[in-house]
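Participant: Chains as they are written, first to last, in full-length UniProt numbering: chain A, 1 to 479; chain B, 1 to 479.
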């Protein structure tokens with residue numbers, strides 16, 4: 001049994017803790033202004049509980065993170081790491097009395113090695129900034145969460161972020177070769193910086209600690225450097241295929257049929273009428289939301305193969321009952337369509353608090369999951385808009401509530417949990433790419449069962465015996 | 001502190017242990033014949049120490065594995081799991097007094113789900129048998145270690161096996177979605193079967209335990225079921241490009257240049273004159289070993305894109321100083337060339353004991369690593385033949401010694417360790433795809449350093465507190 005964080009702090013007192021942090025860190029790096037702290041205390045997850053931090057560190061270097069973690073370990077101050085705060089599960093939410101370690105200023109690209117197709121970055125580098133920098137070398141960093149213009153690589157690694165093109169190109173974990181973590185426990189005194197992983201294309205030297213840290217939501221330590229695999233930038237113009245459907249389930253059937261036929265577009269996105277209407281009402285792009293759902297595919301196979309694949313996707317849409325299906329290689333038109341997809345989430349957020357699902361089901365179950373989503377919304381009187389990385393089976397039903405309506409909030413929260421259970425019942429998972437954070441801890445427990453959860457706890461306890469790092473996230477409270 | 005395996009056994013006695021195993025297991029499953037045990041006590045790694053097992057279980061079911069692990073935990077009998085025994089690092093070698101759990105009879109393919117591109121298999125399924133079975137559904141399981149005709153999926157997962165096509169299609173870990181493991185510790189009493197992972201394309205529900213078990217060489221538990229991601233079988237005829245070089249280093253430079261240019265063949269293999277000669281002397285295929293090294297590329301991009309890529313690879317070979325470079329789409333000719341590649345290892349083994357390196361370096365360092373390999377061989381008077389998944393930077397220098405020559409053996413073992421250190425010095429790793437086992441424990445320790453090794457030990461201790469599973473492998477002896 002270990003002493004939980006906060007125990008020593010309670011006796012040492014807040015002033016002592018702040019004095020110790022102030023002594024260990026440069027003035028400019030430590031934030032205690034209550035308004036700023038409040039802004040740093042939560043990510044974008046609706047209604048996820050957030051505590052009141054003791055202070056925040058706007059870290060400039062690994063050394064500062066190490067110094068802070070040393071003090072925090074001595075005084076049992078919980079450490080909650082954050083990047084841009086675009087998370088949707090509460091994984092970066094503060095706990096009472098914690099130190100928030102904000103890594104957004106550690107945003108340097110340390111190395112781009114075009115010869116070996118890799119980059120070494122600080123965790124605060126914004127996803128799209130990395131994409132732009134490596135593009136100058138003819139290279140590409142594929143993972144593209146919709147938050148790519150704002151979210152950081154550190155946050156992407158912490159949640160093992162997905163995105164649109166992971167259908168063909170994989171998720172963040174597939175691109176993380178190595179990392180540096182400030183941790184404690186078996187590695188040495190808390191505050192020790194440890195380098196895991198490698199710079200080679202392959203490697204099996206010991207356990208895959210890099211993969212384990214990826215997606216661990218800051219519960220093992222603070223990531224201070226990340227080595228990423230890159231690809232050559234794709235050449236040629238991708239094809240865009242759009243299909244309009246007069247019901248959501250038919251669109252789901254088109255997705256399932258694409259998978260069954262082995263078609264592999266780089267992206268296969270679904271958005272429903274509620275999403276299109278919300279974007280149109282906001283941006284006036286001239287979208288006619290005459291269909292119940294759109295499927296949006298990007299095919300990037302080069303040359304004739306791309307032509308054929310795009311034609312096959314369009315034919316599959318038509319055979320699945322699309323009202324219409326069209327192909328385009330006009331980049332402006334294609335970009336406009338994907339822009340609608342990217343704008344859907346902020347457009348819906350304008351309407352009221354949004355609870356964001358991130359369920360993922362086997363692809364053959366996409367139609368059934370869409371049907372159950374509609375039924376769940378009807379049953380609880382909850383307005384649900386759906387965007388989806390449909391080709392992955394990763395669906396984002398968005399539960400929208402009128403601002404300030406407590407009954408609607410409760411109904412939405414009930415529907416949220418039910419959808420998690422429906423996904424698990426269909427052989428799926430409660431989170432495809434956003435992470436467990438706070439919002440999906442219960443769902444995860446139902447999905448994984450007690451043995452797997454106990455194994456996870458054991459790993460957490462082994463790597464962070466003080467329970468210092470992001471307590472309560474992923475594996476839940478100390479047991 | 002936990003009691004190490006063997007302690008209880010020493011007091012309980014061998015007869016008691018055998019009685020307990022006999023009582024718990026069907027007669028037919030338990031092997032005690034000394035000759036059979038000797039054959040099951042080691043894998044294919046040359047000169048890796050192997051102990052004398054107490055007995056072996058030829059398991060037929062998860063329930064039998066569970067029953068055996070329960071007895072072993074009670075009596076502290078170490079459990080060493082094996083599949084086909086084709087490993088090259090001693091990872092499946094017995095320890096004295098252990099129970100060998102041979103999973104080769106658990107060889108059923110439980111499910112092929114063509115709709116969701118996955119298969120569920122028992123661990124004893126042979127890699128090529130799985131390939132053949134899924135091919136009937138138009139599907140493909142890409143990982144293709146050279147041992148694919150004999151090695152099992154369980155062993156492939158235990159070592160995170162690579163192969164020829166992982167240059168483009170990834171390694172075993174990229175295809176493992178879920179698994180069942182018989183383990184103990186946090187999961188419950190030893191002998192508890194736990195199911196990790198998922199059946200969906202994406203998922204971040206909790207820590208990546210599936211990835212952690214993959215490549216853990218049986219040190220956390222016994223894998224009894226594996227869920228694998230599949231791909232659609234590629235269509236069209238691949239192109240083969242062959243380049244002949246009058247020295248090894250120029251061939252390495254061609255590989256580095258291919259990477260720099262972003263060419264991504266499905267395979268890019270190197271074999272040197274010693275390999276070609278050994279195959280020719282054995283099989284009389286009519287190979288003229290007139291070059292010091294051959295590069296062998298397979299390009300499988302469809303249509304015109306494949307044409308262009310094959311031409312670009314050939315041009316890169318020529319620009320790097322190839323004596324000649326030729327393209328072929330004749331499948332018979334191509335198959336013959338890759339057959340020479342596959343036969344190289346057994347052909348060399350005929351000449352005497354072979355110590356197999358598995359170093360992997362950043363691809364730009366391939367020429368330098370090849371040069372250092374030649375220098376190391378000269379310095380120690382060791383005959384070294386090289387085959388390589390060169391496109392990955394994964395080199396297999398094969399250190400050949402005359403049978404029974406003790407001095408040559410010592411020289412080879414010294415050269416072996418030096419090559420590990422050279423790879424690490426070039427930013428590489430001691431093992432790209434074969435695993436740590438016994439032969440690379442020291443090298444791994446040098447590569448990873450004490451902090452990472454301590455973290456690994458902590459994970460091992462957390463998941464297997466009795467140290468029951470494959471003691472001494474990967475992380476080394478209990479500390």
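Built from N, CA and C at the ideal position, the CB exists for glycine as well.
(1) Looking only at its own chain, which residues have a Cβ that is under 8 Å from the Cβ of residue 42 of chain A, when we skip the five neighbours before and after it?
(2) Mind pulling the chain A residues with CB within less than 8 Å of residue 342 of chain B?
(3) When DSSP labels each residue in this structure, what does residue 476 of chain B get in the three-state scheme?
(4) Apart from the five residues just before and just after residue 474 of chain A, which ones in its own chain have a Cβ nearer than 6 Å to its Cβ?
(5) What are the start and end residues of the beta strand (DSSP E) that includes residue 225 of chain B?
(6) Can you give me the C-alpha to C-alpha distance between residue 105 of chain B and residue 82 of chain B, rounded to a whole angstrom?
(7) So, does the CB of residue 456 of chain A fall closer than 8 Å to a CB anywhere in chain B?
(8) Roughly how many angstroms lie between the CA atoms of residue 15 of chain B and residue 24 of chain B, to the nearest whole one?
(9) Among residues of its own chain, excluding the 5 on either side of residue 370 of chain A, which ones have a beta-carbon nearer than 6 Å to its beta-carbon?
(10) The ligand ZN and residue 94 of chain B: does any heavy atom of the ligand fall closer than 7 Å to the residue's C-beta?
(11) What residues of chain B sit near residue 194 of chain A, judged by a beta carbon separation below 8 Å?
(12) Should residue 28 of chain B be flagged as near chain A, meaning a C-beta pair shorter than 8 Å?
(13) For the region 139 to 158 of chain B, which residues have a CB atom closer than 7 Å to at least one CB atom of chain A, in sequence order?
(14) Alpha carbon to alpha carbon, how far is residue 439 of chain B from residue 45 of chain B?
(15) Quick one: what does DSSP say residue 341 of chain A is sitting in, helix, strand or coil?
(16) How should residue 131 of chain A be labelled, buried or exposed, when 16 other C-beta atoms within 10 angstroms of its C-beta is the threshold for buried?
(17) Since residue 431 of chain A meets chain B, which of its residues come closer than 8 Å, beta carbon to beta carbon?
(18) Taking a Cβ distance cut-off of 9 Å, strictly less, list which residues of the region 161 to 176 of chain A are near chain B, in chain order.
(19) 8 Å is my cut-off, CB to CB: does residue 82 of chain A come that close to chain B?
(20) In whole angstroms, give me the CA-to-CA distance for residue 378 of chain A and residue 76 of chain A.
(21) Count the other CB atoms, across all protein chains shown, that sit within 10 Å of the CB of residue 284 of chain B; report buried if there are 16 or more and exposed otherwise.
(22) Quick one: any contact between the region 283 to 297 of chain B and the region 338 to 358 of chain B, if contact means 3 or more CB pairs under 8 Å?
(23) As a quick exercise: from A:17, A:242, A:134, A:214, pick the residue whose alpha carbon is nearest that of residue 233 of chain A.
(24) Taking the alpha-carbon of residue 331 of chain A as reference, which of A:320, A:238, A:185 has the nearest alpha-carbon?
(25) For the region 398 to 429 of chain A, enumerate the residues whose C-beta is nearer than 8 Å to any C-beta of chain B, in chain order.
(26) Give the DSSP-derived three-state secondary structure of residue 36 of chain A in the structure shown.
(27) Take residue 191 of chain A and list the residues in its own chain whose beta-carbon comes closer than 6 Å to its own, dropping the five residues that flank it on each side.
(28) Residues in its own chain within less than 6 Å of residue 364 of chain A by CB, not counting five upstream and five downstream?
(29) Would residue 318 of chain A pass as a contact of residue 325 of chain A if the rule is Cβ separation under 8 Å?
(30) Output the distance between the C-alpha atoms of residue 281 of chain B and residue 366 of chain B, rounded to the nearest integer angstrom.
(31) Identify the continuous beta strand (DSSP E) that holds residue 137 of chain A and give its terminal residues.
(32) Checking contacts by CB at 8 Å: is residue 360 of chain A closer than that to chain B?
(33) Three Cβ pairs or more, each shorter than 8 Å: is that satisfied between the region 136 to 144 of chain A and the region 168 to 183 of chain A?
(34) Where does residue 118 of chain B land, buried or exposed, given buried means 16+ other C-beta within 10 angstroms?
(35) Tell me which residue opens and which closes the beta strand (DSSP E) that residue 197 of chain A is part of.
(36) What residues of chain A sit near residue 186 of chain B, judged by a beta carbon separation below 7 Å?
Facilitator: According to the data block:
(1) Cβ-Cβ distances below 8 Å link residue 42 of chain A to 48, 50, 85, 90, 92, 93, 94 in the same chain, with the five nearest sequence neighbours on each side left out; the list follows chain order.
(2) The contacting residues do not exist; residue 342 of chain B stays about 19 Å from chain A at best.
(3) Residue 476 of chain B: coil per DSSP, three-state reduction.
(4) Here residue 474 of chain A has 217, 219, 436 as same chain residues with Cβ atoms under 6 Å from its own Cβ, once five neighbours each way along the sequence are excluded.
(5) That run of the beta strand (DSSP E) goes 222 to 229.
(6) Using only the alpha carbons, I get a separation of about 11 Å.
(7) Residue contact with chain B for residue 456 of chain A: present (Cβ-Cβ distance below 8 Å to some residue of chain B).
(8) In a straight line, the C-alpha of residue 15 of chain B is about 14 Å away from that of residue 24 of chain B.
(9) Same-chain partners within the cutoff: 248, 249, 252.
(10) The model on display carries no ligand, and the ligand ZN is accordingly not part of it.
(11) Within chain B, the residues near residue 194 of chain A are 451, 452, 455.
(12) So no, residue 28 of chain B is outside the interface.
(13) Taking 7 Å as the Cβ-Cβ cut-off against chain A, none of the residues of the region 139 to 158 of chain B qualify.
(14) Roughly 8 Å between the two C-alpha positions.
(15) Residue 341 of chain A falls in the helix class under three-state DSSP.
(16) Counting Cβ neighbours within 10 Å, residue 131 of chain A comes out buried, since at least 16 surround it.
(17) In chain order: 203, 204, 205.
(18) The residues in question are 161, 162, 166, 167, 170, 171, 173, 174.
(19) So no, residue 82 of chain A is outside the interface.
(20) Rounded to the nearest whole angstrom, the C-alpha separation of residue 378 of chain A and residue 76 of chain A is 47 Å.
(21) Counting the other Cβ atoms within 10 Å of the Cβ of residue 284 of chain B gives fewer than 16, which makes it exposed.
(22) Result yes; three or more Cβ-Cβ pairs closer than 8 Å.
(23) The shortest Cα separation from residue 233 of chain A among A:17, A:242, A:134, A:214 belongs to A:134.
(24) The residue with the shortest Cα to Cα distance from residue 331 of chain A is A:238.
(25) Under the 8 Å Cβ criterion, the region 398 to 429 of chain A contributes 427, 428, 429.
(26) In the structure shown, residue 36 of chain A sits in a helix (DSSP, three-state: H, G or I).
(27) Only 66, 69, 70 meet the Cβ criterion.
(28) So the qualifying residues of the chain are 256.
(29) For the 8 Å CB-CB criterion, residue 318 of chain A and residue 325 of chain A form a contact.
(30) Just so you know, the alpha carbons of residue 281 of chain B and residue 366 of chain B end up roughly 28 Å apart.
(31) Neither: residue 137 of chain A is in no beta strand (DSSP E) and is coded neither H nor E.
(32) Interface residue, yes.
(33) Yes: the two stretches touch, three or more of their Cβ pairs being nearer than 8 Å.
(34) Around the beta carbon of residue 118 of chain B, 16 or more other beta carbons lie within 10 angstroms, which makes this residue buried.
(35) For residue 197 of chain A, the enclosing beta strand (DSSP E) has its first and last residue at 192 to 197.
(36) What residue 186 of chain B touches in chain A: 454, 455, 457, 458.
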